[in-house]
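Have a look at the structure below before the remarks.
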Amino acid sequence: MEKSDIFWNASLAELKQGYIQEKESYICLLCGEKFEKGIIYPHENIFYEAERYMRIHIENTHQSVFEYLIGLDKKLTGLTDHQNHLLRLFYQGKSDKDVQKETGIGSTSTIRHHRFALKEKERQARIFLAIMELLKEKDEYAPAFISPHKTAKMVDDRYAVTKEEQQEIIKKFLPEGLSGRLKKFPPKEKQRLIVLREIIKRFESDVIYTEKEINQLLNEMFDDYVMIRRYLIEYGFLDRKSDGSQYWLKK
Numbered sequence: 302m303e304k305s306d307i308f309w310n311a312s313l314a315e316l317k318q319g320y321i322q323e324k325e326s327y328i329c330l331l332c333g334e335k336f337e338k339g340i341i342y343p344h345e346n347i348f349y350e351a352e353r354y355m356r357i358h359i360e361n362t363h364q365s366v367f368e369y370l371i372g373l374d375k376k377l378t379g380l381t382d383h384q385n386h387l388l389r390l391f392y393q394g395k396s397d398k399d400v401q402k403e404t405g406i407g408s409t410s411t412i413r414h415h416r417f418a419l420k421e422k423e424r425q426a427r428i429f430l431a432i433m434e435l436l437k438e439k440d441e442y443a444p445a446f447i448s449p450h451k452t453a454k455m456v457d458d459r460y461a462v463t464k465e466e467q468q469e470i471i472k473k474f475l476p477e478g479l480s481g482r483l484k485k486f487p488p489k490e491k492q493r494l495i496v497l498r499e500i501i502k503r504f505e506s507d508v509i510y511t512e513k514e515i516n517q518l519l520n521e522m523f524d525d526y527v528m529i530r531r532y533l534i535e536y537g538f539l540d541r542k543s544d545g546s547q548y549w550l551k552k
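The letter at position 36 of the sequence shown is residue 337 when you use my numbering, and the numbering goes up by one with no holes.
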């Protein structure tokens, strides 16, 4: 299962804690890092068992689960920039008066109104989630759509691709599999998305690549590696320094 699938299939309780438990390990939902049960991990001259170390990892790497989730694209969170800013301030423990002063919005009663609006949004989300869970039990014809990657910049109908369509597209453009070359670059947006998701599997997480290394990896798959590199960045799979000297997988 891909990292994005693990993230989207997690329960609410698992999302809140930021990791899931498997038979032999704990997996970070935010970046895919895995810590094996039964192994002791050192941190600042103290040794921790796997689950406790996972919580340390989330704090050190991602600040908090809240910070990671609130930092996702608005297409994934459903939050406006204004709502996002308010939630960050509320999470910092600021009072309505403090938030009003910092934002310059109306009065403290205005801030309380925003709190009420966010609470209403939460109630609506809970009802909608329950409806979708009930629908899942009855809708036997529902197609299995692929999940958008967490770093997606533009979540729209290009992601309306079923797993069957995904396999067909991969077979058409990468007939020799991930180790082979790209037959041609897909002309359609949906096809590009699927192919780019496959190409990115050739990269390792937690590795910083130079531009030369990125170009070499992509050139092994397709002659116009500059175009592939550009699309990987545009679709939110890769990130880089402003001068183009370093590249890495977005998480």
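C-beta: ideal position from N, C-alpha, C; glycine also. This structure is a prediction, so every number in the text was calculated from the model and none was measured.
Whole-number beta carbon distance between residue j and residue i, since they are thought to touch under 8 Å
| i | j | result |
| --- | --- | --- |
| I307 | L330 | 6 Å |
| Q468 | T511 | No, Q468 and T511 are not in contact; Cβ-Cβ is about 34 Å, not under 8 Å. |
| A431 | F446 | The Cβ separation is near 20 Å, so there is no contact. |
| N373 | K451 | Looking at the sequence itself, residue 373 is Leu, so the reference to Asn does not match. Yes, L373 and K451 are in contact; Cβ-Cβ is about 6 Å, under 8 Å. |
| A453 | G537 | 5 Å |
| L533 | L494 | Going by Cβ atoms, the distance from L533 to L494 rounds to 11 Å, so no, they are not a contact pair. |
Span of the alpha helix (DSSP H), counted from its first residue to its last, around residue i
| i | result |
| --- | --- |
| Y392 | 382–392 |
| I471 | 464–474 |
| D399 | 397–404 |
| R459 | It is not in any alpha helix (DSSP H) - R459 carries neither H nor E in the DSSP assignment. |
| I495 | 490–500 |
Three-way DSSP call (helix, strand, coil) for residue i in this model
| i | result |
| --- | --- |
| E509 | Note that residue 509 is Ile in the sequence shown here, rather than Glu. Note: I509 maps to coil in three-state DSSP. |
| S410 | helix |
| Q345 | The sequence as given places Glu at residue 345; Gln does not occur at that position. The answer is coil: DSSP assigns E345 none of H, G, I, E or B. |
| K305 | In the sequence as presented, Lys is not what sits at residue 305; that position holds Ser. Of the three classes helix, strand and coil, the one that applies to S305 here is helix, per DSSP. |
| K422 | helix |
| Y526 | helix |
| R541 | strand |
| T452 | coil |
| I447 | coil |
| I328 | strand |
| L483 | coil |
| T442 | At residue 442 the sequence reads Tyr, which differs from the Thr that was named. Note: Y442 maps to coil in three-state DSSP. |
| L373 | coil |
| E350 | coil |
| I340 | coil |
| A311 | coil |
| Q517 | helix |
| Y532 | helix |
| E360 | helix |
| F504 | coil |
| E477 | coil |
Closest Cα partner of residue i within the set the options
| i | options | result |
| --- | --- | --- |
| A426 | G379, P449, K464 | G379 |
| I321 | I501, I347, M355 | M355 |
| K484 | K437, D524, N516 | D524 |
| W549 | K451, L497, F504 | F504 |
| V366 | Q384, F336, F348, L313 | L313 |
| L518 | R531, P487, D507, I500 | I500 |
| I341 | A351, S480, E490, D457 | A351 |
| I371 | E535, E466, Y392, A418 | Y392 |
| K324 | D399, G339, E490 | G339 |
| K317 | E334, P476, Y369, E345 | Y369 |
| F502 | E466, L479, Q384 | It is worth fixing the name first, because residue 502 is Lys in this sequence and not Phe. It is L479. |
| L539 | R389, S506, F429 | S506 |
| K473 | K489, D458, M433 | K489 |
| Q492 | R416, T362, L377, E465 | E465 |
Boundaries of the beta strand (DSSP E) in which residue i is found, first to last residue
| i | result |
| --- | --- |
| E337 | 335–337 |
| Y320 | 320–322 |
| L550 | 547–550 |
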